[in-house]
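A.B. asks: With this note's numbering, you'll find the sequence shown wraps up at 959, consecutive numbering, no jumps. Take this structure, written in structure tokens, and hold onto it; I'll ask about it next.
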Amino acid sequence: LREGGLIKGGGLDNALVIVDKEITSDELEYLKELFGIEEDVFVGRTNILNDIPLRFPNEFCRHKVVDLLGDLALLGAPLKGHVMAASSGHKANIELVKRIRQVYRKRKMISKYQPKEGKGSVLDITAIQKIMPHRYPFLLVDRILDLVPGERVVGLKNVTMNEPFFPGHFPGQPVMPGVLIIEAMAQVGGVLLLNGEEDPEDKLVYFMGIDNARFRKPVVPGDQLLFELEMVHRRRRSCKMHGRAYVDGDLVAEADLMAMIVERKEG
């Protein structure tokens, strides 16, 4: 760490160095010079460099506890809970914080836009309208069934004979236009993208590109379109998602979508 430019303030007066391998006198001299230590450096009987005594019998465990508390602070929200850790380290702690934050962000969004929990859904149509700017006849998502912030979203669109495009597409044999299936897919993805934004009602999602679009089966009145979108990669204001659309478990369409977030203009 010191060779990498870190722990510059480290020394034998504020750190315990555990010696877990054979070390030569040349290596000890190198470490002494590297850290600017003037006193003698030696390996004693306790396997702690210079036989420095512990302040507490469980000092190593206390160090791990403080590490865990510091890593949990990265959550950025109050945490009330009982955490048990075995052989923990910063990597495991950070992974735990990431998972807790996913749940926290999901619940925060639900409580803000849908105070009453909807049966079988994360966000109902009323909550969706608070997030998305689309309105009839172009709001093409009815429910959000699952949401993992920053990773994936599952949404539902009920396709009925009352859709305004069916009389002309096609008379006597109604089929949902493929471009509108992609639009509905994009709107579900928009919920995923806006989830990480402060005040998403003040933002718009512009789609910049559609790649690898495929339509496997026709979608007709009476079908329920189930959309699953996964985040492929995301930058600060743009992202790429892969989406799939299903009817009764059968894949009917899929596409790669690129989108960006912009500020919504007033008026």
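Every residue, glycine too, gets a C-beta built ideally from N, C-alpha and C. These figures come from a predicted structure and were not determined experimentally.
If we count the other Cβ atoms within 10 Å of its Cβ and call it buried at 16 or more, is P863 buried or exposed?
C.D. replies: exposed
A.B. asks: Suppose the cutoff is 7 Å on Cβ atoms and the five residues either side in sequence are ignored; what does the same chain contact list for A769 look like?
C.D. replies: Y796
A.B. asks: Going by DSSP in three states, L771 sits in which element: helix, strand or coil?
C.D. replies: coil
A.B. asks: Cα separation between K957 and D894?
C.D. replies: 8 Å
A.B. asks: For the beta strand (DSSP E) containing K849, list its first residue and its last residue.
C.D. replies: 844-850
A.B. asks: Output needed for I817: all residues of its chain with C-beta closer than 6 Å, excluding positions within five of it in sequence on either side, in chain order.
C.D. replies: If you ignore the 5 residues before and after I817, its C-beta comes within less than 6 Å of the C-beta of D834, all in its own chain and listed in chain order.
A.B. asks: Quick one: using the 10 Å Cβ neighbour count with 16 as the cut-off for buried, is M853 buried or exposed?
C.D. replies: exposed
A.B. asks: Have a look at G881, L943, P913 and flag the residue whose alpha-carbon is nearest the alpha-carbon of C931.
C.D. replies: Checked all of G881, L943, P913; the closest Cα to C931 is G881.
A.B. asks: Between which two residues does the alpha helix (DSSP H) containing R754 stretch?
C.D. replies: 751-764
A.B. asks: Short of 8 Å in beta carbon distance, which residues of its chain neighbour N904, apart from the five on each side in sequence? Order them along the chain.
C.D. replies: Excluding positions up to five away in sequence, the list reads E946, A947, D948.
A.B. asks: Can you tell me whether K909 is helix, strand or coil according to DSSP?
C.D. replies: coil
A.B. asks: For the alpha helix (DSSP H) containing D639, name the first residue and the last one.
C.D. replies: Given that the chain is displayed from residue 693 to residue 959, the structure contains no residue 639 and the question cannot be resolved.
A.B. asks: Which partner residues of Y828 appear in the DSSP bridge assignment?
C.D. replies: Y828 is not bridged to any residue.
A.B. asks: Among I715, Y722, I729, E719, whose alpha-carbon lies nearest the alpha-carbon of D705?
C.D. replies: The candidate whose alpha carbon is nearest that of D705 is I729.
A.B. asks: State the DSSP-derived secondary structure class of E695, mapped to helix, strand or coil.
C.D. replies: coil
A.B. asks: Quick check on A765: buried or exposed, where buried means 16 or more other Cβ atoms within 10 Å of its Cβ?
C.D. replies: exposed
A.B. asks: With DSSP as the reference, identify every bridge partner of D712, one or two as the case may be.
C.D. replies: None; D712 has no bridge partner.
A.B. asks: Could you give the DSSP three-state label for G881: helix, strand or coil?
C.D. replies: helix
A.B. asks: Taking the beta strand (DSSP E) that K700 belongs to, which residues open and close that run?
C.D. replies: Looking at the DSSP string, K700 is not in any beta strand (DSSP E), and its letter there is neither H nor E.
A.B. asks: Just verifying my parser: in three-state terms, what is the DSSP assignment at V860?
C.D. replies: Sequence check: residue 860 is Gly here, not Val. The answer is helix: DSSP assigns G860 an H, G or I state.
A.B. asks: At the level of alpha carbons, what is the spacing between D838 and L698?
C.D. replies: Straight through space, the alpha carbons of L698 and D838 are spaced by roughly 42 Å.
A.B. asks: Distance, Cα to Cα, V935 vs E922?
C.D. replies: Checking the sequence shown, residue 935 turns out to be Gly, not Val. If you take the alpha carbons of G935 and E922, they lie about 7 Å apart.
A.B. asks: Taking Cβ to Cβ, would you say V883 is nearer than 8 Å to V845?
C.D. replies: yes
A.B. asks: Secondary structure at D903, three-state DSSP: helix, strand or coil?
C.D. replies: D903 falls in the strand class under three-state DSSP.
A.B. asks: Which partner residues of M923 appear in the DSSP bridge assignment?
C.D. replies: M933
A.B. asks: Check whether the Cβ atoms of I792 and L815 lie closer than 8 Å to each other.
C.D. replies: no
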